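Per the working numbering, the sequence shown starts with residue 1, numbered consecutively.
We put the beta carbon where it would ideally sit given N, CA and C, even for glycine.
Bear in mind that the values here come from a model prediction, so they are computed numbers and not experimental data.
See below for the structure under consideration.
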Amino acid sequence: MKVLVALDDSGGSHHALDWVLRCLFPAGDQPATEEARHELVLVHALEPLHHAMCPVGGPGSAVYGAPAIMQSVRAARKESARSLLDRAKRVCHTRGVCESRHRCA
């Protein structure tokens, strides 16, 4: 069975990951039977980044966020998401659940 845990750095998502690790993955040295094996999928979705617009002057004039600033914000958000998933993977690893593959795009 595949088990998906959505992470958003909230207490609720940390509790969900903890519950899944305690209840669905066997502890100790004894391997799970084929029927009891689960695949854990960790997911974090970034909200779409909307361009900032500030009205200036009269009607119809506005200033948009510079592309370089928007790229910097996107990169920072991606790094934050990677960090969140890395922390969750470390928790899984300390509980004996090791990753087989991951993707962070």
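Secondary-structure assignment with DSSP links E39 through a beta bridge to K2. Contact between D8 and H44 holds: CB atoms are separated by about 7 Å, below the 8 Å threshold. The beta carbon of E39 is closer than 6 Å to those of K2 in its chain, skipping five residues each way along the sequence.
Nearest C-alpha to P48 among R95, V73, A66: V73. For V73, the secondary structure class from DSSP, reduced to helix, strand or coil, is helix. Straight across, the Cα-Cα distance linking L42 with H93 is about 13 Å.
Contact annotation, L21 with R95: C-beta distance approximately 5 Å; criterion of less than 8 Å satisfied. In this structure, DSSP gives D18 a helical state, which the three-state scheme calls helix.
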